[in-house]
Amino acid sequence: MTAGQSAAVNATATSFVRVAVGRGIDRHPEGLVYSVPADLGAIDLGDHVAVPLGRGHASVDGVVVAVGGAELAGPEIPAEKIKSVRAVYRDTPPLPQILVRLAQWVASYYCTPIGVTLQSITPSAVRAGIGRTTRLMVDLTQPQPDGSVHPSRRRVLDALAAMPASQRPCEARDLAAAAGARTLAAVRALVRSGHLTAIHQTTVQAKWRSGLDMDGTPPALTPAQQLIVDSVGGVLGSFSQHLLFGVTGSGKTEVYLRLAERVLLQGKSVLWLVPEIALTPQAAGRVMARLPKHRIAILHSGLTAAQRHEQWLAAGSGEPKVVLGARSAVFAPIPDGQLGLVVVDEEHDSSYKQDQAPRYHGRDVAIRRAHLAECPVLLGSATPSLESWWNATRRSVATLHRLPERAPGLVVPRVDVVDFRAESMLHTDRRVRLIGPSMEHGLRRALEGDGQAIVLLNRRGYANWIACPDHACGWTLQCDHCEAGMVVHQLPEERGRRITRCHHCGAEQRVPSQCPRCSKRVCIFGLGTQKVEEELQRMFPELHAAAGIARVDSDTMERAEDFHQVLGRFARGEIRLLLGTQMIAKGLDFPKVQMVGVISADTALNMPDFRASERTYQLVAQVSGRCGRGNAGGRAVIQTFQPDADAIQFAARGDYEGFARSEVELRERHGLPPVHRMARIIVRHHSQSEANRIAAALRGGLVALPESRGSRVREPVPCAIARIADRWRVQVEVIAETAGALQRLIAAARSRGIVKPGEVMAVDIDPAALL
Ligand code: ADP
Ligand code: ZN
Ligand code: ZN
48 MTAGQSAAVN ATATSFVRVA VGRGIDRHPE GLVYSVPADL GAIDLGDHVA VPLGRGHASV
108 DGVVVAVGGA ELAGPEIPAE KIKSVRAVYR DTPPLPQILV RLAQWVASYY CTPIGVTLQS
168 ITPSAVRAGI GRTTRLMVDL TQPQPDGSVH PSRRRVLDAL AAMPASQRPC EARDLAAAAG
228 ARTLAAVRAL VRSGHLTAIH QTTVQAKWRS GLDMDGTPPA LTPAQQLIVD SVGGVLGSFS
288 QHLLFGVTGS GKTEVYLRLA ERVLLQGKSV LWLVPEIALT PQAAGRVMAR LPKHRIAILH
348 SGLTAAQRHE QWLAAGSGEP KVVLGARSAV FAPIPDGQLG LVVVDEEHDS SYKQDQAPRY
408 HGRDVAIRRA HLAECPVLLG SATPSLESWW NATRRSVATL HRLPERAPGL VVPRVDVVDF
468 RAESMLHTDR RVRLIGPSME HGLRRALEGD GQAIVLLNRR GYANWIACPD HACGWTLQCD
528 HCEAGMVVHQ LPEERGRRIT RCHHCGAEQR VPSQCPRCSK RVCIFGLGTQ KVEEELQRMF
588 PELHAAAGIA RVDSDTMERA EDFHQVLGRF ARGEIRLLLG TQMIAKGLDF PKVQMVGVIS
648 ADTALNMPDF RASERTYQLV AQVSGRCGRG NAGGRAVIQT FQPDADAIQF AARGDYEGFA
708 RSEVELRERH GLPPVHRMAR IIVRHHSQSE ANRIAAALRG GLVALPESRG SRVREPVPCA
768 IARIADRWRV QVEVIAETAG ALQRLIAAAR SRGIVKPGEV MAVDIDPAAL L
């Protein structure tokens, strides 16, 4: 960024601004006050500025979050102590005002200084001004503006006019070359003078479009779909919240597409959020194929810095568009007044919650954004979060729409729950098997025809537990830096060699052969994706030889691109059996998948978290929903040690409402979310006793506040993972009856210095996971 100087003196110049700087100063959580010298010109909310900071008056960049008079400073700060803004970056587009307000809400609600919040929502490439990779395409403006042009520019216009229509619009660089110009100066000048129309085409769009052969023909909507499109389409232009509860494959995406089309035709933009890993070329390609005339900006974490910058600028452009992206796209800089609809697909997905400050929930921020933009927000899921279900059924803040049946042509999968114990006991060769006879049978049937199959195991690695076989000894291999066991991984390049890795801090150790306490030979227990892969390879040797089996987890898929490549091979039928972690449980839509297997539903069920049942229901229902999308039928086999667990039984019957009723009742009885609201404050410290002391003082401070009346502040307890990367973790849970009561308590504690968000204290409002 370069500081633009403005010589214009504005007589009505604002005299004071509040600026958010990107440093975590919790003493000024709302930003720092500066005066504005008159020669800087008009300054507005969202402007990027340079300000002096600290004793050394070092120049730092920030964003203007409030403008006003001397009252901004308040009586505490003497006028002569207030420093002045140094420069305004006129060539960086200001943040839309709604985005500034949204950031302020996030900062306050999620207890994060405004500077940190703004820093985390603006891609660093944008802040650093990293090069754009947009290609400038140009075309002749019709009609051509009057007036004569410079001969060098005339040559450019003539060169373009001489090109066949199929070559237009033409890339600026090629045009300059065709006109014999060495630089783009003449082309740029013509764009400025209005003789050429500029069309910015981004490289990302080109990439996502490539290699996809998507059908752009829309199906006729079913009456149920039409009803929802009309209902939400009828209230565009003001805020309202909608929950679309539609079973997997019921045509929810079709509903979003129709509504998006309607909004675009009104000249407005759509913000469309999907969970990170559901943002596949398949999903993006479908949107692009169906809305070919419109601009689609795509934002997700797999982009390079330059691509991110480019997409961010595309989202901020003046034309109507769809901004499609994962969690952080909720902060896309769509210009004020342009947003017409917000869609949150798979709204239950826990990847919407950010696990570092600001610990925001993308869905809840999306609702807030729609509120600020005065447009509807549509949340969709086959397994709504109980928060959204509660809002739609008990609090009436959201309208519930249902799509109870699968779209025409799709069948409802048959779901079989099998008792893991009974199944594995059938084996007589003493080798413990992870794939029981029911699942094997199902896989064979699907694969012997021309079908495909998906096998899910929620745990990567080879095995997850290294221990002494002697119970009396009881030794297990733990991470040196975390209170967690090590996971065994097979090194692919060196067959047979194994290492152990900690999934929390990444530390590695060699697999010991002997128990360090009693010297017995260690045993490796448990299961991981690598072990299941080996078993599948033995079970289907021919398929394995033909490279028809693939494993997808964060060990094999380091970049989004790897994942997309595997999905492409699966779509083309080169891979027929896909094995993986929850990466493959959601969003995939492949008609030839006839069989889905869940190796162990217990991983989710046994989590030390009050949402364990909810997560299990979601997992089983979502993964089962991946099959039966063609006409060959679908079958899901769910292996579990707890076949009678409610979540599993309800999911096998596909009875979400029954599950929700029983689970909400339980949460009501225990005063847990969504009925009440929770904050979780985690104290982290290298010293265990210090962590305990700080947590105890924190709890004492909270209960002493009058604002805590009516709320429960629980005794400090060690977190489920009591130490990560050498820091001990102790948590204090706060449960209040309403969001408002919780906010008042936390705000009071923060202003008195009882709660200090930062390195030592992490404040998580509405926590999504309790590890
Ligand atoms: P969901 O998002 O609920 O999982 P999709 O919108 O992906 O459902 O629809 C599942 C499949 O059914 C897609 O292949 C889609 O093209 C198709 N589909 C959706 N609506 C209809 C319809 N009204 N008629 C025929 N096919 C449809
Ligand atoms: Zn560790
Ligand atoms: Zn031992």
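Residue numbering for the sequence shown follows the numbering used here, starting at 48 and increasing by one per position. The beta-carbon is built from N, C-alpha and C at its ideal position, and this holds for glycine as well. A quick note: this is a predicted structure, and the numbers were derived from the prediction, not measured.
Buried or exposed (CB count within 10 angstroms, at least 16 for buried), residue i
i       : result
Val-819 : Outside the displayed range of the chain (48 to 818) lies residue 819, so it cannot be described from this structure.
Gln-403 : exposed
Val-282 : exposed
Met-472 : For Met-472, the pLDDT reaches just 45, beneath the cut-off of 50, and the residue's location in the model is therefore unreliable, although a value from the coordinates is still provided. When all chains shown are included, Met-472 counts as exposed.
Gly-124 : The sequence as given places Ile at residue 124; Gly does not occur at that position. Result: exposed.
Asn-653 : exposed
Gly-69  : buried
Val-764 : exposed
Ser-647 : buried
Arg-406 : buried
Asp-813 : buried
His-518 : exposed
Gln-897 : Shown here, the chain extends from 48 to 818; a query on residue 897 therefore has no answer.
Span separating the alpha-carbon of residue i from that of residue j
i       : j       : result
Leu-259 : Arg-102 : For Leu-259, the predicted model reports a pLDDT of 46, less than 50, meaning its position is unreliable; a value from the coordinates is still stated below. The straight-line gap from Cα to Cα measures roughly 56 Å.
Gln-612 : Val-334 : 19 Å
Ser-278 : Ile-414 : 18 Å
Asp-86  : Ala-126 : 19 Å
Asp-138 : His-356 : 14 Å
Lys-400 : Val-377 : 12 Å
Leu-243 : Gly-227 : 17 Å
Pro-141 : Ile-546 : 50 Å
Leu-494 : Gln-735 : 53 Å
Pro-655 : Lys-128 : 52 Å
Ala-819 : Thr-300 : As displayed, the chain neither begins before 48 nor continues past 818, which places residue 819 out of reach and without an answer.
Ser-106 : Ala-659 : 48 Å
Leu-204 : Ile-246 : 16 Å
Thr-694 : Ile-801 : Just to set this straight, residue 694 is Ala in the shown sequence, not Thr. Approximately 39 Å, taken between the alpha carbons.
Lys-130 : Ser-62  : 12 Å
Thr-188 : Glu-580 : 59 Å
Gln-329 : Gly-372 : 13 Å
Tyr-81  : Asp-94  : 14 Å
Leu-745 : Leu-419 : 34 Å
Pro-270 : Arg-548 : 53 Å
Ala-417 : Val-389 : 6 Å
Chain-order list of residues whose beta-carbon lies under 7 Å from that of residue i (same chain, five-residue window excluded)
i       : result
Gln-584 : His-591, Ile-596
Asp-383 : Pro-143, Gln-144, Ile-145
Arg-673 : Ile-501, Leu-635, Val-640, Val-643
Val-38  : Lying outside 48 to 818, the shown extent of the chain, residue 38 is not represented and no answer is given.
Ala-632 : Leu-503, Leu-666, Gln-669, Val-670
Short Cβ contact (7 Å threshold) for residue i with residue j
i       : j       : result
Ile-728 : Val-810 : yes
Val-64  : Val-83  : yes
Arg-200 : Leu-237 : yes
Arg-506 : Gly-553 : no
Val-670 : Val-643 : yes
Pro-211 : Val-185 : no
Gly-296 : Arg-676 : yes
Ala-89  : Gly-78  : no
Ile-768 : Leu-817 : no
Ile-381 : Ala-362 : yes
Glu-754 : Leu-792 : yes
Val-458 : Gly-680 : yes
Gly-387 : Lys-315 : yes
6 Å CB neighbourhood of residue i in its chain, flanking five on each side removed
i       : result
Arg-799 : none
Ala-305 : One point to set straight first is that residue 305 is Arg, not Ala, in the sequence displayed. These residues qualify, in order along the chain: Val-276.
Asp-463 : Val-684
Proximal residues to residue i (C-beta, below 8 Å), its chain only, five neighbours per side dropped
i       : result
Glu-715 : Val-722
Glu-608 : Gly-349
Cβ of residue i within 7 Å of any chain B Cβ
i       : result
Val-643 : This model lacks chain B altogether; it includes just one protein chain.
Next item on the list: Only counting runs of 4 or more residues, tell me where the alpha helix (DSSP H) segments fall wholly within the region 409–462, in order along the chain.
Entry: If we require 4 residues or more, the alpha helix (DSSP H) runs fully inside the region 409–462 come out as 409–420, 433–440.
Check: Quick one: complete beta strand (DSSP E) runs, 3+ long, within the region 670–752?
Finding: Taken in chain order, the complete beta strand (DSSP E) segments of 3 residues or longer contained in the region 670–752 are 682–687, 724–732.
Checklist line | Complete runs of the alpha helix (DSSP H) confined to the region 114–179 [at least 4 residues] | finding: Counting only runs of 4 or more, we get 144–156, 161–168, 171–175.
Check: Curious, which full-length alpha helix (DSSP H) runs of at least 4 residues does the region 637–667 contain?
Finding: DSSP runs (the alpha helix (DSSP H)) wholly in the region 637–667: 649–652.
Notebook entry, point to check: Of all the alpha helix (DSSP H) runs that stay within the bounds of the region 311–394, which reach a length of 4 or more residues?
Noted result: Those alpha helix (DSSP H) runs which fall completely within the region 311–394 and span 4+ residues are 328–337, 352–362.
Next item on the list: Let me know the alpha helix (DSSP H) ranges lying completely inside the region 557–619, each 4 residues or longer, listed in chain order.
Entry: Counting only runs of 4 or more, we get 576–586, 588–592, 607–618.
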